Amino acid sequence: MTPPPSGPYDPTGPSGPWSDLERPPLNAAALRRALVTEDGLWTRLEVAGITGSTNADLRERAREGHAAAGSVLIAEEQTQGRGRLGRTWSAPARSGLFCSVLLTPGPAVPGTRWGWLPLLAGVAVADGVARVAGVRPALKWPNDLLVTVDGAERKLGGILAERTALADGTAAVVLGMGINVSLRAAELPVPEAGSLLLAGAPVTDRDPLLRAVLRSLADWYGRWRTEAGDPAASGLLEAYTAGCATLGRRVRALLPGGEELRGEAVALDGDGRLVIAAAGGGRQPVAAADIVHLRPDGG
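So for the sequence shown, full-length UniProt numbering puts the first residue at 1; every next one is plus one.
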């Protein structure tokens, strides 16, 4: 984990918890009391001040035997947050929720169905955010959350699932979630970014938002695991389809090898792949791609 800057500690300085009074620090003790329960999914919860990447930290802890299934790691500030395709991003301290959780779906869920985890997380985050913030994010396949700001689609956050293993060899997944909560217009890293604040959310208090998101994630994960990862039986397929802004849209899919596919996103298959009806005919399932929503005129 990245250490805090050296020198005298100043709670109101650039890295201090009270450097921006409109962005108070999370209450770690209260979060633990609310979320770490005897019969619940979450077994340990830690709030770090500043780190490079909560996903990287939790993966390392899992491999070294310092984190068990159900561990939750939250950072008040991430300096090297990672998304798909190796992209990195950062945000001002306490401007969002930067959180990773450690899950061991097997043996209840076959490994072939683990690809549904980032989609499950998207549904869970959207449900939790809508319940507290009063704004329901739309889902962009495979791992983005969208909100509307000034009439335009903007990226609210993203999800990154990475397979790893515990110290004893048990297969596991680190599921990372980043949500822009109070990011201001002048702080946007790119014009396509957004936040709950900019989307007009009446509530941007991160404590109840985080509680709602983690409770929703535990609920959806429990249902999915009870049904052996079956997306239809658990209700996940229906929920994701209902909230997905990609389905029914013309898209450009940039595939890992550099190939480009254009067409209409028409469905999800049983493995969570996006099925695209190509312009030249035929349907092609896509397991991994950078998806661009196209305007009706194809631009």
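Heads up, the beta-carbon is just placed ideally off N, CA and C, and yes, glycines get one too.
Predicted, not measured: the structure shown is a model, and the values here were computed from it.
Quick check: what's the CA-CA separation for residue i versus residue j?
{"i": "Gly-151", "j": "Asp-168", "result": "50 Å"}
{"i": "residue 301", "j": "Pro-92", "result": "This structure cannot speak to residue 301, because the chain is shown only from 1 to 299."}
{"i": "Arg-250", "j": "Ala-288", "result": "17 Å"}
{"i": "Trp-141", "j": "Cys-244", "result": "7 Å"}
{"i": "Pro-191", "j": "Ala-108", "result": "42 Å"}
{"i": "Thr-43", "j": "Ser-216", "result": "16 Å"}
{"i": "Ala-28", "j": "Ala-48", "result": "9 Å"}
{"i": "Thr-241", "j": "Ala-67", "result": "34 Å"}
{"i": "Thr-246", "j": "Gly-65", "result": "39 Å"}
{"i": "Leu-85", "j": "Arg-33", "result": "Bear in mind that a pLDDT of 49 at Leu-85, under 50, signals an unreliable position, so the model cannot answer this."}
{"i": "Val-275", "j": "Leu-73", "result": "34 Å"}
{"i": "Leu-188", "j": "Trp-224", "result": "35 Å"}
{"i": "Leu-197", "j": "Asp-20", "result": "15 Å"}
{"i": "Ala-172", "j": "Glu-153", "result": "33 Å"}
{"i": "Ala-186", "j": "Thr-112", "result": "43 Å"}
{"i": "Ala-199", "j": "Arg-211", "result": "21 Å"}
{"i": "Ser-71", "j": "Gly-257", "result": "35 Å"}
{"i": "Pro-137", "j": "Thr-170", "result": "34 Å"}
{"i": "Ala-233", "j": "Ala-75", "result": "34 Å"}
{"i": "Ala-69", "j": "Thr-226", "result": "17 Å"}
{"i": "Leu-117", "j": "Gly-280", "result": "32 Å"}
{"i": "Gly-129", "j": "Lys-155", "result": "It is Val, not Gly, that sits at residue 129 in the sequence shown. Taking the straight line from one Cα to the other gives about 14 Å."}
{"i": "Glu-60", "j": "Asp-205", "result": "30 Å"}
{"i": "Pro-296", "j": "Val-266", "result": "15 Å"}
{"i": "Ala-62", "j": "Gly-222", "result": "21 Å"}
{"i": "Arg-252", "j": "Leu-268", "result": "16 Å"}
Which whole-angstrom value is the C-beta distance of residue i and residue j, which I expect to be below 8 Å?
{"i": "Glu-22", "j": "Ser-182", "result": "7 Å"}
{"i": "Ala-278", "j": "Leu-261", "result": "6 Å"}
{"i": "Gly-122", "j": "Leu-139", "result": "5 Å"}
{"i": "Ala-105", "j": "Gly-229", "result": "The sequence given here places Pro at residue 105; Ala does not occur at that position. Right, their Cβ atoms sit about 7 Å apart."}
{"i": "Leu-45", "j": "Leu-31", "result": "6 Å"}
{"i": "Ala-165", "j": "Leu-175", "result": "So it is not a contact: roughly 15 Å between Cβ atoms."}
{"i": "Gly-178", "j": "Gly-194", "result": "13 Å between Cβ atoms; not a contact."}
{"i": "Thr-54", "j": "Ser-100", "result": "4 Å"}
{"i": "Val-132", "j": "Pro-208", "result": "5 Å"}
{"i": "Gly-52", "j": "Gln-78", "result": "7 Å"}
{"i": "Ala-201", "j": "Val-149", "result": "With a Cβ gap of about 11 Å, Ala-201 and Val-149 do not count as contacting."}
{"i": "Val-213", "j": "Leu-97", "result": "7 Å"}
{"i": "Val-286", "j": "Leu-255", "result": "7 Å"}
{"i": "Pro-231", "j": "Gly-263", "result": "Contact flag wrong, Cβ pair sits at about 23 Å."}
{"i": "Trp-220", "j": "Ala-124", "result": "5 Å"}
According to DSSP, simplified to helix, strand and coil, what is residue i?
{"i": "Glu-46", "result": "strand"}
{"i": "Leu-85", "result": "Low confidence applies to Leu-85: its pLDDT is 49, below 50, so where it sits in the model is not reliable, and the reading given next is rough at best. Helix at Leu-85."}
{"i": "Ala-278", "result": "strand"}
{"i": "Asp-144", "result": "strand"}
{"i": "Ala-91", "result": "coil"}
{"i": "Arg-113", "result": "helix"}
{"i": "Ala-186", "result": "helix"}
{"i": "Ala-288", "result": "coil"}
{"i": "Ala-108", "result": "coil"}
{"i": "Arg-136", "result": "coil"}
{"i": "Tyr-9", "result": "Low local confidence applies: a pLDDT of 35 at Tyr-9 is under 50, so the model's placement there is unreliable, and no value is given."}
{"i": "Arg-295", "result": "coil"}
{"i": "Ala-233", "result": "coil"}
{"i": "Arg-283", "result": "strand"}
{"i": "Val-203", "result": "coil"}
Would a check of beta-carbon distances place residue i closer than 8 Å to chain C?
{"i": "Arg-215", "result": "This model lacks chain C altogether, as it is built from one protein chain only."}
The alpha helix (DSSP H) spanning residue i covers which residue range?
{"i": "Ala-212", "result": "206-226"}
{"i": "Ala-121", "result": "117-133"}
{"i": "Gly-263", "result": "Here Gly-263 belongs to no alpha helix (DSSP H); instead the beta strand (DSSP E) covers 260-268."}
{"i": "Ala-242", "result": "236-243"}
Need the endpoints of the beta strand (DSSP E) that residue i sits in, please.
{"i": "Glu-153", "result": "152-165"}
{"i": "Gly-96", "result": "96-103"}
{"i": "Gly-176", "result": "171-180"}
{"i": "Leu-254", "result": "250-254"}
Kindly examine the ligand MN and report whether one of its heavy atoms sits closer than 7 Å to the Cβ of residue i.
{"i": "Thr-204", "result": "In terms of ligand content, the structure shown is empty, and the ligand MN therefore cannot be addressed."}
- Task: With a floor of 3 residues, list each beta strand (DSSP E) that falls wholly inside the region 21-76, ordered by position along the chain.
- Result: 44-51
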